Amino acid sequence: EAGVTQFPSHSVIEKGQTVTLRCDPISGHDNLYWYRRVMGKEIKFLLHFVKESKQDESGMPNNRFLAERTGGTYSTLKVQPAELEDSGVYFCASSQETVSGYDGYTFGSGTRLTVV
Amino acid sequence: QKEVEQNSGPLSVPEGAIASLNCTYSDRGSQSFFWYRQYSGKSPELIMFIYSNGDKEDGRFTAQLNKASQYVSLLIRDSQPSDSATYLCAGGAFSGGYNKLIFGAGTRLAVHP
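Protein chains in written order, with our numbering: chain V, 2 to 117; chain D, -14 to 98.
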């Protein structure tokens, strides 16, 4: 079974530019999550998709961030325009629908974004 | 106040010893707790989860949960140098078929030969 795949693994962009991160979840996982880790801080929730629908986007920092999940498959996270404070590691994770609440996520290896 | 707190470490233990990693949480709505291991530059990897008070054992790992004290711990017996990593504690709030995980900042564990 292929894991959660993220692309690119690293991105260095200038302030004001646009960057798009991509995540391919595990096949069959309806739940897809984006998290972010800023240097020295904890991993923080950004948003959650169930299939193609945004279920919870309470963690999105501001309207410079736009996430989409086309057809309930892969997801993209666009940052436009990027600011210095957006630097960090962006993780994607996926999980199956669960009725027990006792299932953890499978994480991708992350995209390290550096805004200069 | 952070929702999930962990000592950042590093926690240094000799090979073969028991490593004890601790975590406290503030949200009493958290129903399940997860321990992830993250090697430098890699993705977090789920080690264990626990949702009932008491101990849960899996191989060399034992998770402990005390809901009254809002305390979670992970014990690693017979620690190996390969266990050296950052250990992330996360609390899960389950709703609508999914868990929203709140992470601590992680504890760095260093196991020295």
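Note that beta-carbon positions come from the ideal geometry of N, C-alpha and C, so glycine has one too.
Here the structure is a predicted model, which means the values were calculated and not measured.
Counting along the chain, V/I27 sits inside no beta strand (DSSP E), nor does DSSP assign it H or E at all.
Within the segment 24 to 40 of chain D, those residues whose Cβ lies closer than 7 Å to any Cβ of chain V are, in chain order, K27, S28, P29, L31, F34 and Y36. A direct Cα-to-Cα measurement between V/P82 and V/L114 gives close to 13 Å. Remark: fewer than three beta-carbon pairs, one from each stretch, lie closer than 8 Å, so the segment -11 to -2 of chain D and the segment 44 to 56 of chain V are not flagged as touching. Under the 8 Å criterion on CB atoms, D/F19 is classed as interfacial with respect to chain V. Annotated three-state conformation of D/G1 is coil, per DSSP. For V/F108, at least one C-beta of chain D is nearer than 8 Å to its own C-beta.
Looking at the DSSP output, D/M33 shares a beta bridge with D/W20.
The beta-carbon of D/K52 is placed no less than 8 Å from the nearest beta-carbon of chain V. Closer than 8 Å to the CB of D/F46 there is not a single CB belonging to chain V. The beta carbon of V/D25 sits no closer than 8 Å to any beta carbon of chain D. Close to D/L6, with beta-carbon spacing below 8 Å, lies no residue of chain V; the smallest spacing is near 15 Å. Unbroken beta strand (DSSP E) stretches of 3 residues or longer found wholly inside the segment 4 to 76 of chain V: 6 to 8, 11 to 14, 20 to 25, 32 to 38, 44 to 51, 54 to 57 and 66 to 70, given in chain order. Going by DSSP, D/S80 is part of the beta strand (DSSP E) stretching over A70 to S80.
Residues of the segment 40 to 63 of chain V that bring their beta carbon within less than 8 Å of a beta carbon in chain D comprise G41, K42, E43, I44, K45, F46, H49, V51, Q56 and D57, in sequence order. A direct Cα-Cα distance of roughly 5 Å separates D/S69 from D/A95. For the C-beta of V/S28, not a single chain D residue is nearer than 7 Å; the gap to the nearest is close to 18 Å.
Rounded to whole angstroms, D/A53 and D/F18 show a C-alpha spacing of 14 Å.
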